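Trainee: Dropping a structure here in structure tokens format, bear with me for questions.
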Amino acid sequence: MQKQVLAIHDVSCVGRCSLTVALPVLSAAGLHTSVLPTALLSTHTGEFTGYFCLDLTGEMEKIFTHFQTLPLRFDGLYSGFLGSWEQIALVGQVFSFYKAQRPLVLVDPVMADHGRLYATYTEQMARGMGDLCRQADVIVPNLTEAAILLEESYQEHPSGAQVERMLRDLHRRYGCRQVVLTGVEREGLLGAAAYDAQTGRFSFAGKPTLPGIFYGTGDVLASALLAGLLRDKPLEAAVELAVSFTYESMLHTLDNGLPLRYGVAFEQAIPMLVNALASCKTPAPAE
131 MQKQVLAIHD
141 VSCVGRCSLT
151 VALPVLSAAG
161 LHTSVLPTAL
171 LSTHTGEFTG
181 YFCLDLTGEM
191 EKIFTHFQTL
201 PLRFDGLYSG
211 FLGSWEQIAL
221 VGQVFSFYKA
231 QRPLVLVDPV
241 MADHGRLYAT
251 YTEQMARGMG
261 DLCRQADVIV
271 PNLTEAAILL
281 EESYQEHPSG
291 AQVERMLRDL
301 HRRYGCRQVV
311 LTGVEREGLL
321 GAAAYDAQTG
331 RFSFAGKPTL
341 PGIFYGTGDV
351 LASALLAGLL
361 RDKPLEAAVE
371 LAVSFTYESM
381 LHTLDNGLPL
391 RYGVAFEQAI
401 PMLVNALASC
411 KTPAPAE
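Just so we're aligned: 387 in this note's numbering is position 257 of the sequence shown, and the numbers increase by one with no gaps anywhere.
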């Protein structure tokens, strides 16, 4: 039986990020993907000015109200950037409504980077994102978001021991059984570190650093990570897949010579993702 995912993200009409990444990546992975859009933007907000943004909080409420009348069943729930306190609370309601189906809940707490909250985020929203993380099975913060969630000072280059401590503390504080920390550097490689509380194992996957600022890579990585987990890869293998897919997307972007603000060329890396998932067989449903 084909697995189903609900992706809760904004839509940027130009600039590959959020839903314009999550939807094609998850679909290419063989997952039936439905969406709950949080906002509509003419472009993403990095290196673009004068962009249009339409808040969809009211529409989200109406969409979710209709969802509740339908016999929908989700194997995965996946949230990313949320634009207001009201949206965070609503997504919490969505998670609670489908909890009985026991979906895999992945929260990418998109709220900060480079040591500070995004301009659109408030301290109240950051606390709300923490509450949302408590409903998740998997969280995927970057180093800044992890520091905010742990209420501690941001460290740009934490040691391996510090990273493991942060991963373990995030698990203990929020109860999520798997934590993936992005933007981690180790021995000249840049990637993601992970902790699986079920096995007690730490892992790291990294690739050589590339020049430039690549937009949308967090969405590419988190979407590929969820695809791997829902295709029954263990956490360590899913993180390795997600980092490799993101890196290949970045390489294609550099080869194309397009401005980096338009996002990474993940489309050209999708064959690699599909091939890597080909050996992942979904177990047959129980009789």
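For every residue, glycine included, the Cβ atom is placed at its ideal position computed from N, Cα and C. Quick caveat: nothing in here was measured; it's all calculated off a predicted structure.
1) Below 8 Å on the Cβ atoms is my contact criterion, and I expect Y228 with L207 to pass it. Report the Cβ-Cβ distance as a whole number of Å.
2) Are the CB atoms of V369 and S379 within a distance shorter than 8 Å?
3) Buried or exposed: where does K192 fall if 16 or more other Cβ atoms within 10 Å of its Cβ makes it buried?
4) Are G245 and S148 touching if we call contact CB-CB under 8 Å?
5) Starting from the Cα of A372, find the closest Cα among V310, H196, P233 and give me that residue.
6) Provide the residue span of the alpha helix (DSSP H) that contains V151, from first to last.
7) By the 10 Å Cβ neighbour count, where 16 or more other Cβ atoms means buried, how is F334 classified, buried or exposed?
8) Compare the beta carbon distance of A159 and A357 with 8 Å and say whether it is the shorter of the two.
9) Would you grab the beta carbon distance between R203 and Q134 for me? Rounded to a whole angstrom, and I think it's under 8 Å.
10) So, helix, strand or coil for G206, using DSSP?
11) Within 8 Å, do at least three Cβ pairs link the region 231 to 247 to the region 337 to 344?
12) DSSP three-state label for T347, please.
13) If we count the other Cβ atoms within 10 Å of its Cβ and call it buried at 16 or more, is L306 buried or exposed?
14) State the CB to CB distance for the pair S172 and V141, rounded to an integer number of angstroms; the pair is presumed to be in contact (CB under 8 Å).
15) Considering Cα atoms alone, identify which of D205, G318, I218 is closest to H287.
16) Report, in whole angstroms, the separation of the C-beta atoms of M418 and Q217, which I expect to be a contact under 8 Å.
17) So, using beta-carbon positions, are V270 and T329 closer together than 8 Å?
Mentor: On the basis of the supplied data:
1) Position 98 of the sequence shown, counted from the start, is the residue given in the question as residue 228. Position 77 of the sequence shown, counted from the start, is the residue given in the question as residue 207. Correct: roughly 6 Å between the Cβ atoms.
2) What you label residue 379 is simply residue 249 of the sequence shown in a count that begins at 1. What you label residue 369 is simply residue 239 of the sequence shown in a count that begins at 1. No, they are not a contact pair.
3) As a working mapping, residue 192 is identified with position 62 in the sequence shown. Its Cβ having fewer than 16 others within 10 Å, K192 is exposed.
4) To locate residue 245, count along the sequence shown from 1; it is residue 115. To locate residue 148, count along the sequence shown from 1; it is residue 18. No, the pair does not count as a contact, with Cβ atoms beyond the cut-off.
5) In the sequence shown, the residue the question calls residue 372 occupies position 242. Among V310, H196, P233, the Cα nearest to that of A372 is on V310.
6) In the sequence shown, counting from the first residue as 1, residue 151 sits at position 21. Its alpha helix (DSSP H) spans residues 149 to 158.
7) Residue numbering aside, residue 334 sits at position 204 when the sequence shown is read from its first letter. With 16 or more Cβ atoms within 10 Å of its Cβ, F334 is classed as buried.
8) Sequence index remark: in the sequence shown, residue 159 carries index 29 (1-based). Sequence index remark: in the sequence shown, residue 357 carries index 227 (1-based). For the pair A159 and A357, the CB atoms are nearer than the 8 Å cut-off.
9) Working through the sequence shown from its first residue, we reach residue 203 at position 73. Working through the sequence shown from its first residue, we reach residue 134 at position 4. That belief holds up - the Cβ atoms of R203 and Q134 are roughly 6 Å apart, short of 8 Å.
10) To locate residue 206, count along the sequence shown from 1; it is residue 76. Here G206 sits in strand by DSSP.
11) no
12) For this step, residue 347 is matched to residue 217 along the sequence shown. Reduced to three states, the DSSP call for T347 is helix.
13) The residue labelled residue 306 in the question sits at position 176 within the sequence shown. For clarity, residue 306 is Cys in the given sequence; the question names Leu instead. Looking at its Cβ environment, which holds 16 or more other Cβ atoms inside 10 Å, C306 is buried.
14) Position 42 of the sequence shown, counted from the start, is the residue given in the question as residue 172. Position 11 of the sequence shown, counted from the start, is the residue given in the question as residue 141. Actually they are not in contact, since the Cβ atoms of S172 and V141 sit about 10 Å apart, beyond 8 Å.
15) For the purposes of this step, residue 287 is taken as the residue at position 157 of the sequence shown. Ranking D205, G318, I218 by Cα distance to H287 puts G318 first.
16) In the structure as shown, the chain begins at 131 and stops at 417. Residue 418 is therefore absent and cannot be evaluated.
17) Here residue 270 corresponds to residue number 140 of the sequence shown, with the count starting at 1. Here residue 329 corresponds to residue number 199 of the sequence shown, with the count starting at 1. Not closer than 8 Å, so no.
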